[in-house]
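Residues in the sequence shown are numbered from 715 upward in steps of one, following my numbering.
See below for the structure under consideration.
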Amino acid sequence: MELLRLSEKTENHVPVTVKVPGSCGELVQGVIDGEPFLITCPINMFSTAIIIDNGVKNVLKSKASKALKIFCTEFGLDAELLNVKLQTQLIKSKGMSSSSADIAAVCKAAAIAFGIDITAEKIAQIAARVEPTDGVFCDGIVKFNHITGEVLQYLGTPPPLKILVFDCGGSVDTIVFNQRGELPYLNEKKEEQVKQALELVEYGVKYKNAAAIGKGATISALANQDILCKEDLEVIIDIAEKCNAVGVNIAHSGTLIGVLFSITVSENKLLECVHAVHEMCPYMRYLFTAELIAGGFFTV
């Protein structure tokens, strides 16, 4: 097979830059009728892939490197033609979809560099060959099979929400987590709560109803406690209610807890919530305040 050349834009030393958002966990995650899925929770923090002929070879993270090799093999491309620089605002092994964002950004940037039109669905398939993946690179909010990489449903564009992001501590290996033998039983046990959570979040996204999204996310977070317990979750939910948050979401296979607020919330109310969590949950670390956004690829 003849290898494709770089596009004229890249050969003329114009950089290709692609940004993909990370996440604060998921709005919902579980299994319904044997189908594993998650509802994405993309935020305004990004992994960025930059391709330019600057004479310097950049070493990619192992998962992004593996995905790039799969991509190039499938399309008959020469990966050695690419100088890829990967930058990220995302913390790994916490539930921020850092590997998914890295993989998607690198593959999309490579596609642009070679003049190839590639869909999010195709990139999802490549990502799923590396590890269970998130759909943060899909447009809007999606229902997504994180095991197979199949986009199950596009739910729409979410209403704007602010998210106080807290970390329980430690780290979670996504591959090891999804290999646990008891997962099928535990997922079946929480299926009814997951159905209720899904209906609320679907409604909330469709009708831009922040309260419904928050309620559904909270139900899914509590239902996940038997799978990955977050010791202070119920305390944080109580604090969130007192601070007029719309709900709480989690990284179902990570260490993050997000407190969801309407975009109109005052800074004083956000600070009140952070201080209350620090007082009541001394081992919980506040990381940053993010905003819920639509997922997808952002090119420069």
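No residue lacks a Cβ here, since even glycine has one placed at the ideal position from N, Cα and C.
As the structure is a prediction and not an experimental result, all values here were calculated from the model.
Quick one: grab the DSSP three-state call for G930. G930 sits in a helix when the DSSP states are folded into three classes.
Assuming G918 is part of the alpha helix (DSSP H), what are its boundary residues? Note, G918: alpha helix (DSSP H), 905-920.
Please indicate yes or no: does the CB of N982 lie closer than 7 Å to some heavy atom of the ligand MG? In the structure on display, the ligand MG does not appear, and there are no ligands present to speak of.
Check whether G884 and T969 have beta carbons under 8 Å apart: Taking 8 Å as the Cβ cut-off, G884 and T969 qualify as a contacting pair.
Please report how far the alpha carbon of E902 lies from the alpha carbon of P750, in whole angstroms. Roughly 10 Å between the two C-alpha positions.
From the DSSP output, in three-state form, read off Q743 for me. The answer is strand: DSSP assigns Q743 an E or B state.
In whole angstroms, give me the CA-to-CA distance for L869 and N859. So the alpha carbons of these two residues sit roughly 14 Å apart.
Please check the pair G854 and G1009, which I expect to be a contact at CB under 8 Å, by giving their CB distance rounded to whole angstroms. Their Cβ separation, rounded to whole angstroms, is 6 Å, which keeps G854 and G1009 in contact under 8 Å.
First and last residue of the alpha helix (DSSP H) that includes I953? Counting along the chain, I953 sits inside the alpha helix (DSSP H) bounded by residues 947-956.
Specify the secondary structure class of F789 as computed by DSSP and reduced to three states. Of the three classes helix, strand and coil, the one that applies to F789 here is helix, per DSSP.
Counting Cβ pairs closer than 8 Å, one from the stretch 999-1009 and one from the stretch 875-889, do we hit at least three? In this structure the stretch 999-1009 lies against the stretch 875-889, because at least three pairs of beta carbons, one per stretch, are closer than 8 Å.
Is the stretch 733-742 close to the stretch 777-796, with three or more CB pairs under 8 Å? Put simply, the stretch 733-742 does not touch the stretch 777-796. Fewer than three CB pairs are less than 8 Å apart.
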